[in-house]
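Worksheet: one structure, shown below.
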Amino acid sequence: MAHIFLASPHMSAEGYEQAYIKEAFDTNWIAPLGKNVNEFEKELAAYVGVADAAALSAGTAAIHLALKAAGVEEGDVVFCQDLTFSATANPIVYEKATPVFIDSDRETWDMSPEALERAFEKYPNAKAVLPVHLYGLPANMDRIMDICRRHGAVVIEDAAESLGSTYRGKYTGTFGDYGVFSFNGNKIITTSGGGMLVCNLPDEQAKERIGKVRFWATQSREPARHYEHKEIGYNYRMSNICAGIGRGQMKVLEQRILQKRQIFAYYQEHLGDLAGLSFMPMHEGERANCWLSVIQLGEESPVRPLDVMLALEQGDVESRPVWKPMHLQPVFAGCDYVDNSGVAQSLFENGVCLPSDTKLTEADLERICKIIRGLWG
1 MAHIFLASPH MSAEGYEQAY IKEAFDTNWI APLGKNVNEF EKELAAYVGV ADAAALSAGT
61 AAIHLALKAA GVEEGDVVFC QDLTFSATAN PIVYEKATPV FIDSDRETWD MSPEALERAF
121 EKYPNAKAVL PVHLYGLPAN MDRIMDICRR HGAVVIEDAA ESLGSTYRGK YTGTFGDYGV
181 FSFNGNKIIT TSGGGMLVCN LPDEQAKERI GKVRFWATQS REPARHYEHK EIGYNYRMSN
241 ICAGIGRGQM KVLEQRILQK RQIFAYYQEH LGDLAGLSFM PMHEGERANC WLSVIQLGEE
301 SPVRPLDVML ALEQGDVESR PVWKPMHLQP VFAGCDYVDN SGVAQSLFEN GVCLPSDTKL
361 TEADLERICK IIRGLWG
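For what it's worth, my numbering labels the leading residue of the sequence shown as 1, then goes sequentially.
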């Protein structure tokens, strides 16, 4: 039996990516920058409905430069969602700012508005807030934005996992001042590696900020004949080859979202009757891209997450725990954390990410569900 991946790159059957890559080779634009980079930025910006976007080497780079664009400096407090991958939090430390982690709520699995309110009571001058749309599940952006606007904080949405997800008819990543997308190999579409930063300020201001981001991302090289640098810069621009892959992937994004949602629906139908097993929350008025399908195992469940993961592993099927919260990570042991009854920790301890590869066949899904159902006897 073939190995089943959690989530792996899925190139278009039509060969869209190859066409853009071939053009880059044919014109010798294989180095950073070029037509594919420019067009990928325009196409992504048009898809989510923003004025401009900067194609970068990673989603992490996009978060880093968003923090710089937001004016975050040494000693500033930045509120960061607790339940996330460390790439959300690491750039805060790059800028020598202070991360404070905010617990999740049960309704969305994302940043708790109640905990965020209490965080501002403790740190009224917090500079920025980093909510995450976990596994493609939209956060409660109405309440988060209202709280942040009242306190004058910049909002940087980590939409790395949620490209194509919508909240009240609007794409995730376009509510805050800045939005971040990732095209890592396991994301819903990929450039092999890469990210994108969008700015949701008024058009002219957005273009100015994104222009500054591009400047920083190309080593802050001044427009002089010689190499002139007045600011510290970074080698963060996306290559023209990677951008070509991204342009091809954009053509199948809606198809991939449909496939991800169908995978989630299959698990719901074939595992939903198991005692103590529940699924990640879905709400009316939202479209989650279901980047990964995630289950929770409650008190009524006769098995634990590790049992599921080991059984799948024995069947040559990949799975994964839910992200370990940042406040439990040794590297952030000294950071403050605003609790909401330990929701993030509970989701981590009771959760399993099931295979969500868009190349899964019905036979693959049947095989996965058979292994899991077998644990219930």
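Cβ coordinates follow ideal geometry from the N, Cα and C atoms, glycine included.
* Asked: Secondary structure at residue 231, three-state DSSP: helix, strand or coil?
  -> Residue mapping note: residue 231 aligns to position 231 of the sequence shown, counting from 1. Coil at residue 231, not helix or strand.
* Less than 8 Å separating the beta-carbons of residue 292 and residue 277? -> Counted from its first residue, the sequence shown places residue 292 at position 292. Counted from its first residue, the sequence shown places residue 277 at position 277. Not in contact: residue 292 and residue 277 (Cβ atoms no closer than 8 Å).
* Asked: Buried or exposed: which applies to residue 332, given that a residue is buried once 16 or more other Cβ atoms fall within 10 Å of its Cβ?
  -> Residue numbering aside, residue 332 sits at position 332 when the sequence shown is read from its first letter. So residue 332 ends up on the buried side.
* **residue 105 burial status per 10 Å Cβ neighbour count (16 or more: buried)** => Taking the sequence shown and counting its residues from 1, the one referred to as residue 105 is at position 105. By the 10 Å Cβ count, residue 105 comes out buried.
* Asked: In chain order, what residues of the same chain have a beta carbon less than 6 Å from the beta carbon of residue 266, not counting five sequence neighbours either side?
  -> Reading the sequence shown from its first residue, position 266 is the one you call residue 266. Closer than 6 Å at the Cβ level, and outside the excluded window around residue 266, lie 365.
* To do: Report the rounded CA-to-CA distance for residue 144 versus residue 348, giving the unit in angstroms.
  => Stepping through the sequence shown from its first residue, residue 144 is reached at position 144. Stepping through the sequence shown from its first residue, residue 348 is reached at position 348. Approximately 23 Å, taken between the alpha carbons.
* Asked: How is the alpha helix (DSSP H) around residue 348 delimited, first residue to last?
  -> Numbered from 1 along the sequence shown, position 348 holds the residue referred to as residue 348. Its alpha helix (DSSP H) spans residues 343–350.
* Keeping to the same chain, check which residues put their C-beta closer than 7 Å to that of residue 322; ignore five residues upstream and five downstream. => Translated into the one-based positions of the sequence shown, residue 322 becomes position 322. So the list reads 294, 347, 348, 351, 353, once near-sequence residues are dropped.
* **Check whether residue 92 and residue 56 have beta carbons under 8 Å apart** => Taking the first residue of the sequence shown as 1, we reach residue 92 at position 92. Taking the first residue of the sequence shown as 1, we reach residue 56 at position 56. Against a cut-off of 8 Å, the Cβ pair of residue 56 and residue 92 comes out as no contact.
* To do: Out of 228, 97, 110, point me to the one whose CA is closest to residue 128's CA.
  => In the sequence shown, residue 128 corresponds to position 128, counting from 1. Selected option, being the one with the closest Cα: 97.
* **Proximal residues to residue 261 (C-beta, below 7 Å), its chain only, five neighbours per side dropped** => As a first step, residue 261 must be located in the sequence shown, where it is residue number 261. Same-chain partners within the cutoff: 290.
* Asked: If we ignore side chains and look at the alpha-carbon of each, how far apart do residue 309 and residue 302 end up?
  -> For this step, residue 309 is matched to residue 309 along the sequence shown. For this step, residue 302 is matched to residue 302 along the sequence shown. Straight-line Cα distance between these residues: approximately 14 Å.
* CB contact flag (residue 137, residue 263, <8 Å) -> For the purposes of this step, residue 137 is taken as residue 137 along the sequence shown, with counting starting at 1. For the purposes of this step, residue 263 is taken as residue 263 along the sequence shown, with counting starting at 1. Going by C-beta atoms, residue 137 is not nearer than 8 Å to residue 263.
* Asked: Looking only at C-alpha atoms, which of 3, 4, 13 sits nearest to residue 256?
  -> For the purposes of this step, residue 256 is identified with residue 256 of the sequence shown, where counting begins at 1. It is 13.
* Neighbourhood of residue 8 by C-beta, 8 Å cutoff - its chain only, sequence neighbours within 5 removed -> Here residue 8 refers to the residue found at position 8 when the sequence shown is read from its first residue. Cβ neighbours of residue 8 beyond the five flanking positions: 185, 186, 357, 359.
* Asked: According to DSSP, is residue 60 helix, strand or coil?
  -> Numbered from its first residue, the sequence shown carries residue 60 at position 60. It is helical.
* To do: For residue 62, I'd like the list of residues in its chain whose CB is within less than 6 Å of its CB, leaving aside the five on either flank, ordered along the chain.
  => Residue numbering aside, residue 62 sits at position 62 when the sequence shown is read from its first letter. Contacts found: 56, 180, 195, 197.
* **Cut-off 7 Å between Cβ atoms - residues of its own chain near residue 33, not counting five sequence neighbours on either side** => Residue 33 sits at position 33 when you count from the first residue of the sequence shown. Once the five neighbours on either side are set aside, the close Cβ partners of residue 33 are 237, 240.
* **Identity of the residue in 79, 31, 247, 371 nearest residue 17 by Cα** => The residue given as residue 17 occupies position 17 in the sequence shown. It is 247.
* Asked: Of the residues 160, 27, 112, 192, which one's Cα is nearest the Cα of residue 85?
  -> Locating residue 85 in the sequence shown gives position 85, counting from the first residue. If we check each option's Cα against that of residue 85, 160 comes out closest.
* Could you give the residue range of the alpha helix (DSSP H) that holds residue 382? -> Residue 382 lies beyond the range of the chain shown here (1 to 377); nothing can be said about it.
* **Short Cβ contact (8 Å threshold) for residue 242 with residue 182** => The sequence position of residue 242 within the sequence shown is 242, counting from 1. The sequence position of residue 182 within the sequence shown is 182, counting from 1. Cβ distance not < 8 Å, so residue 242 and residue 182 don't count as in contact.
* Pair within 8 Å by beta-carbon distance, residue 340 and residue 103 -> By one-based count along the sequence shown, residue 340 stands at place 340. By one-based count along the sequence shown, residue 103 stands at place 103. Taking 8 Å as the Cβ cut-off, residue 340 and residue 103 qualify as a contacting pair.
* To do: With a threshold of 16 other CB atoms inside 10 Å of the CB of residue 283, please say whether the residue is buried or exposed.
  => Here the question's residue 283 lines up with position 283 in the sequence shown. Burial call: exposed.
* To do: Can you grab the Cα-Cα spacing for the pair residue 175 / residue 377, in whole Å?
  => Taking the first residue of the sequence shown as position 1, residue 175 is located at position 175. Taking the first residue of the sequence shown as position 1, residue 377 is located at position 377. Taking the straight line joining both Cα atoms gives about 46 Å.
* Asked: Considering only C-alpha positions, which residue in the set 107, 108, 125 is nearest to residue 100?
  -> Along the sequence shown, one-based indexing puts residue 100 at 100. Closest option to residue 100, Cα to Cα, is 125.
* On the DSSP bridge assignment, give the partners of residue 130 in chain order. => Here residue 130 corresponds to residue number 130 of the sequence shown, with the count starting at 1. Residue 130 pairs with 80.
* **Cα-Cα separation between residue 373 and residue 3, rounded to whole angstroms** => On the sequence shown, position 373 is the one that residue 373 refers to. On the sequence shown, position 3 is the one that residue 3 refers to. Their backbone Cα atoms lie some 19 Å apart in a straight line.
* Can you check whether the CB of residue 229 is closer than 8 Å to the CB of residue 220? -> What you label residue 220 is simply residue 220 of the sequence shown in a count that begins at 1. What you label residue 229 is simply residue 229 of the sequence shown in a count that begins at 1. Cβ distance < 8 Å, so residue 220 and residue 229 count as in contact.
* Candidates 189, 111, 202, 121: closest to residue 157 by CA position -> Here the question's residue 157 lines up with position 157 in the sequence shown. Of the listed residues, the one whose Cα sits closest to residue 157 is 111.
* Asked: If we count the other Cβ atoms within 10 Å of its Cβ and call it buried at 16 or more, is residue 397 buried or exposed?
  -> No answer is possible for residue 397: the residues shown for the chain start at 1 and end at 377.
* Asked: Just the Cα atoms here: how many angstroms apart are residue 5 and residue 312?
  -> The residue given as residue 5 occupies position 5 in the sequence shown. The residue given as residue 312 occupies position 312 in the sequence shown. Spanning the two alpha carbons is a distance of roughly 11 Å.
* Check whether the Cβ atoms of residue 206 and residue 37 sit closer than 8 Å, and answer yes or no. => Against the sequence shown, residue 206 aligns to sequence position 206. Against the sequence shown, residue 37 aligns to sequence position 37. No; because the gap between Cβ atoms is not below 8 Å, this pair is not in contact.
* Could you give the residue range of the alpha helix (DSSP H) that holds residue 284? -> For the purposes of this step, residue 284 is taken as residue 284 along the sequence shown, with counting starting at 1. It is not in any alpha helix (DSSP H) - residue 284 carries neither H nor E in the DSSP assignment.
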